[in-house]
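Chemist: To start, I am sharing the structure in question, which I have written as structure tokens.
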Amino acid sequence: MHGPDVPGYRWRDEVQREVASTPDQTSRSLPFQVRGSLQTVLALRLLDPEHPEFLAKLVEKIAYAPDFYRDAPVVLDLAAVTDRQPVDLVALSEELRRHRLVPVGVQNAAPAWLEEAARAGLAVFAAGGGTAAAGARAGAQPRAGSRRAAAMVVREPVRGGQQVVASEGDLVVLAAVGHGAEIAAAGHIHVYAPLRGRAYAGIEGDENAMIFCDQLDAELVSIAGVYVVNEEIDAALLGRRVRISCRGDHLRLEPGP
Amino acid sequence: MSKVIVVTSGKGGVGKTTSAAALATGLAQRGHRTVVIDFDVGLRNLDLIMGCERRVVFDFVNVINDGIRLNQALIKDKRVDDLFILPTSQTRDKEALTREGVEKVIAELRKEFSYIICDSPAGIERGAQMALYYADEAVVVTNPEVSSVRDSDRILGILNSKSRRAEIGEEPIKQHLLLTRYDLDRVQRGDMLKLDDVLEILAIPVLGVIPNDPLVLQCSNVGMPVILEPKSRAGQAYADAVARLLGEQRELRFTQPQKRGLVDWLLRRSA
Numbered sequence: 018m019h020g021p022d023v024p025g026y027r028w029r030d031e032v033q034r035e036v037a038s039t040p041d042q043t044s045r046s047l048p049f050q051v052r053g054s055l056q057t058v059l060a061l062r063l064l065d066p067e068h069p070e071f072l073a074k075l076v077e078k079i080a081y082a083p084d085f086y087r088d089a090p091v092v093l094d095l096a097a098v099t100d101r102q103p104v105d106l107v108a109l110s111e112e113l114r115r116h117r118l119v120p121v122g123v124q125n126a127a128p129a130w131l132e133e134a135a136r137a138g139l140a141v142f143a144a145g146g147g148t149a150a151a152g153a154r155a156g157a158q159p160r161a162g163s164r165r166a167a168a169m170v171v172r173e174p175v176r177g178g179q180q181v182v183a184s185e186g187d188l189v190v191l192a193a194v195g196h197g198a199e200i201a202a203a204g205h206i207h208v209y210a211p212l213r214g215r216a217y218a219g220i221e222g223d224e225n226a227m228i229f230c231d232q233l234d235a236e237l238v239s240i241a242g243v244y245v246v247n248e249e250i251d252a253a254l255l256g257r258r259v260r261i262s263c264r265g266d267h268l269r270l271e272p273g274p
Numbered sequence: 024m025s026k027v028i029v030v031t032s033g034k035g036g037v038g039k040t041t042s043a044a045a046l047a048t049g050l051a052q053r054g055h056r057t058v059v060i061d062f063d064v065g066l067r068n069l070d071l072i073m074g075c076e077r078r079v080v081f082d083f084v085n086v087i088n089d090g091i092r093l094n095q096a097l098i099k100d101k102r103v104d105d106l107f108i109l110p111t112s113q114t115r116d117k118e119a120l121t122r123e124g125v126e127k128v129i130a131e132l133r134k135e136f137s138y139i140i141c142d143s144p145a146g147i148e149r150g151a152q153m154a155l156y157y158a159d160e161a162v163v164v165t166n167p168e169v170s171s172v173r174d175s176d177r178i179l180g181i182l183n184s185k186s187r188r189a190e191i192g193e194e195p196i197k198q199h200l201l202l203t204r205y206d207l208d209r210v211q212r213g214d215m216l217k218l219d220d221v222l223e224i225l226a227i228p229v230l231g232v233i234p235n236d237p238l239v240l241q242c243s244n245v246g247m248p249v250i251l252e253p254k255s256r257a258g259q260a261y262a263d264a265v266a267r268l269l270g271e272q273r274e275l276r277f278t279q280p281q282k283r284g285l286v287d288w289l290l291r292r293s294a
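So the sequence lines, in the order shown, correspond to chains A and B.
Numbers 18 to 274, taken from my numbering, label the letters of the first sequence in order.
Numbers 24 to 294, taken from my numbering, label the letters of the second sequence in order.
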């Protein structure tokens, strides 16, 4: 009933249903599907890649939260080095892998760097990301339509291990976000209860996104890829009503009213 | 109408089997026809706690896979009428449980029993998910310590997303907190979390607080559900929990410091 049987393949029920609803008739016989997907990825913004202590400092940073960085995919943000001569990205990637980071691509690369990126097997991402330098970001404004969706409202507690993603608009959570839970939104995040898990606002790169919560005890908060972990949060703010905004390369946390 | 209640926790060693045995026994004592099922395939303990390990012939896994009739596997308790045990296999693993098989057994038990108590294995994998899948209510067993509370939070998320009720969009599983091994002295010293701290994180209604009680271990060792030992404070707290499960109002006991006894008072005065 779902088109020709291909010897050697058997679609599982749900796959069959999805495929049947695809207008592209030929995809019925493919053994895979191509889907868009959205991931938040760490951006490593190169400011001075030739600094003699570049790696030592990086290792220091990693040692600070090793679990967070272990095997994490990383995009090299080259916005701050557009006018420099390209550095050896093959060697840099090697070094990053040695420290269990997984370089996957570059963003905001000047044309001169593209060849080097290709040599290192790194994908070239469209300019984007909240970590880009202001000057290099003219074309990287968040898509105007990306914030038009209505806010997503969650009334139940978000428990450890659960993820809630509002991929197009704001996210409003009316119950506690537990340790080990993750919430993410393209726009703002409001939590009218304790926030104990991780919150990622502006996942499509909107630096104007903010995070509001009634009781801050988050493991990590991030806006447009700029993040702080719990240990870095001023102890005076923990347990309090806090609003968080992005200021360039750092987050600003201030007590709420 | 019958109710399927899963006793679960995420974390191991917090008292799931002890609690499942006590609650099932308490429900049967109150005249409700009750069966308690051991879902911990490969690590069966329930029959030990219930003291029927030497009467096991067939088990839950045989019923699912080997065409054994349910009546051949059910063990009738010798102490309490209306109480039955469905033990599990020691030699198989969790893969022996299939969703269809579990569904068939539960559907059959529903015809005969008012309460079906599912004693879940630890963890959040297949075994635990099988135990909670068909549940109407869940008793989340938690110890007053951080790792147990975190795991309980995790299992609450799974109850809300991976149960049958969640999948078909029925009314969600009714959740109850059962705080076990509550040691007032250690709570007061700050070594253990207070009931209020646990409630703040988990935010579900309390079914009971079971005090730490050496009689629990003694009863387990002789295969007697602790609720059958009237001297035991844990047993009394379980009886309260059973009453609350049946919709009665009972004041929480064993959560406040006890009043000093007379001898204690005299000793203090003379000191």
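Even glycine gets a Cβ: it sits at the ideal position worked out from N, Cα and C.
Small disclaimer: the values here were computed from a predicted structure and weren't measured.
Buried or exposed: LYS101(B), going by 16 or more other Cβ atoms within 10 Å of its Cβ?
Modeler: Classification of LYS101(B): exposed, given that the 10 Å Cβ count is below 16.
Chemist: With 16 other CB atoms within 10 Å as the buried threshold, where does GLY256(A) fall?
Modeler: By the neighbour-count rule (16 or more Cβ atoms within 10 Å), GLY256(A) is not buried but exposed.
Chemist: When you check each C-beta in the stretch 187 to 207 of chain A against every C-beta of chain B, which residues fall closer than 9 angstroms?
Modeler: Residues passing the 9 angstroms Cβ filter: ALA192, ALA193, GLY195, HIS196, GLY197 and ALA198.
Chemist: Would you list, in chain order, the members of the stretch 211 to 225 of chain B that have their beta-carbon closer than 9 angstroms to a beta-carbon of chain A?
Modeler: Answer in chain order: GLU223, ILE224 and LEU225.
Chemist: Examine chain A for any beta-carbon lying closer than 7 angstroms to the beta-carbon of LEU179(B), and answer yes or no.
Modeler: LEU179(B) counts as touching chain A.
Chemist: DSSP state of THR57(B), grouped into three classes?
Modeler: Here THR57(B) sits in strand by DSSP.
Chemist: Near PRO280(B), which residues of its chain fall below 8 angstroms by C-beta distance, leaving aside the five closest residues on each side in sequence?
Modeler: LEU207 and GLN211.
Chemist: Cutting at 6 angstroms between CB atoms, please list the residues of its own chain near GLY25(A), excluding the five before and the five after it.
Modeler: Only weak support is given to the placement of GLY25(A): the predicted model assigns it a pLDDT of 36, under 50, and the question is left unresolved by the model.
Chemist: Under 7 angstroms, Cβ to Cβ, is there at least one residue of chain A near SER32(B)?
Modeler: Chain A contact via Cβ: absent.
Chemist: For a cutoff of 7 angstroms on Cβ pairs, would you count ARG122(B) as touching chain A?
Modeler: Taking Cβ atoms only, chain A never reaches closer than 7 angstroms to ARG122(B), which makes this a no.
Chemist: Excluding the five sequence neighbours on either side, which residues of its own chain have a C-beta within less than 6 angstroms of the C-beta of VAL79(B), listed in chain order?
Modeler: The answer, listed in chain order, is ASP70 and PRO110.
Chemist: Tell me, please, whether the CB atom of ARG173(B) is closer than 7 angstroms to any CB atom in chain A?
Modeler: It does: the Cβ of ARG173(B) has a partner Cβ on chain A nearer than 7 angstroms.
Chemist: Please list the terminal residues of the continuous alpha helix (DSSP H) segment that includes VAL265(B).
Modeler: Residues 256 to 268.
Chemist: Does ALA8(A) pass the burial test, meaning 16 or more other C-beta atoms within 10 Å, or should it be called exposed?
Modeler: The question about residue 8(A) has no answer here: the residues shown for chain A are numbered 18 through 274.
Chemist: Against chain A, does LYS39(B) count as a neighbour if the rule is that its beta carbon must be under 7 angstroms from one of theirs?
Modeler: Judged by the 7 angstroms Cβ criterion, LYS39(B) is not in contact with chain A.
Chemist: Taking the alpha carbon of GLU223(B) as the reference point, which residue from ASP88(A), VAL259(A) and VAL194(A) has its own alpha carbon closest?
Modeler: Nearest option by C-alpha distance: VAL194(A).
Chemist: Taking the runs of the beta strand (DSSP E) that are 3 residues or longer, which of them lie wholly in the stretch 71 to 107 of chain A?
Modeler: 89 to 94, all fully within the stretch 71 to 107 of chain A.
Chemist: Closer than 7 angstroms by beta-carbon distance: list the chain B residues that pair up with GLY177(A), in chain order.
Modeler: The contacting residues are ARG173, ASP176, ARG177 and GLY180.
Chemist: Answer yes or no: do SER112(B) and ASP89(B) have a C-beta to C-beta separation smaller than 7 angstroms?
Modeler: Contact: no.
Chemist: Helix, strand or coil for GLY180(B) per DSSP?
Modeler: In the structure shown, GLY180(B) sits in a helix (DSSP, three-state: H, G or I).
Chemist: In whole angstroms, give me the CA-to-CA distance for PRO248(B) and LEU59(A).
Modeler: Whole-angstrom Cα-Cα distance: 53 angstroms.
Chemist: Measuring only the C-alpha atoms, how far is GLU77(A) from PHE71(A)?
Modeler: Distance between the alpha carbons of GLU77(A) and PHE71(A): 10 angstroms.
Chemist: Name, in chain order, the residues that DSSP records as bridge partners for GLY122(A).
Modeler: Answer is VAL92(A) and ALA140(A), bridged to GLY122(A).
Chemist: Specify the secondary structure class of GLN152(B) as computed by DSSP and reduced to three states.
Modeler: Looking at GLN152(B) - three-state DSSP - the assignment turns out to be helix.
Chemist: May I have the straight-line CA-CA distance separating GLY38(B) from ALA235(A), to the nearest angstrom?
Modeler: Going from the Cα of GLY38(B) to the Cα of ALA235(A) covers about 30 angstroms.
Chemist: Going by DSSP, name the residue or residues bridged to CYS75(B).
Modeler: Answer is none; CYS75(B) lacks a bridge partner.
Chemist: The beta strand (DSSP E) with PRO211(A) in it runs from where to where?
Modeler: From DSSP, the beta strand (DSSP E) with PRO211(A) extends over 206 to 212.
Chemist: So for GLU236(A), helix, strand or coil by DSSP?
Modeler: Residue state, collapsed to three classes: coil.
Chemist: At a CB distance below 9 angstroms, what residues from the stretch 183 to 197 of chain B approach chain A? Give them in sequence order.
Modeler: Listed in sequence order: ASN183, SER184 and PRO195.
Chemist: Quick check on PRO174(A) - is its C-beta less than 7 angstroms from some C-beta in chain E?
Modeler: Any reference to chain E falls outside this structure, whose protein chains are A and B.
Chemist: So LEU66(B) and PRO144(B) are in contact, right, with Cβ under 8 angstroms, and what is the actual spacing, rounded?
Modeler: Indeed they touch by this definition, with Cβ atoms about 7 angstroms apart.
Chemist: Could you check the C-alpha separation between VAL91(A) and PRO128(A) for me, to the nearest Å?
Modeler: The alpha-carbon atoms of VAL91(A) and PRO128(A) are separated by roughly 20 angstroms.
Chemist: Going by the DSSP bridge assignment, what does ASP142(B) pair with across the sheet?
Modeler: Bridge partners of ASP142(B): VAL30(B) and ASP61(B).
Chemist: So, is VAL259(A) buried or exposed, given that buried needs 16 or more other C-beta atoms within 10 angstroms?
Modeler: Counting Cβ neighbours within 10 Å, VAL259(A) comes out buried, since at least 16 surround it.
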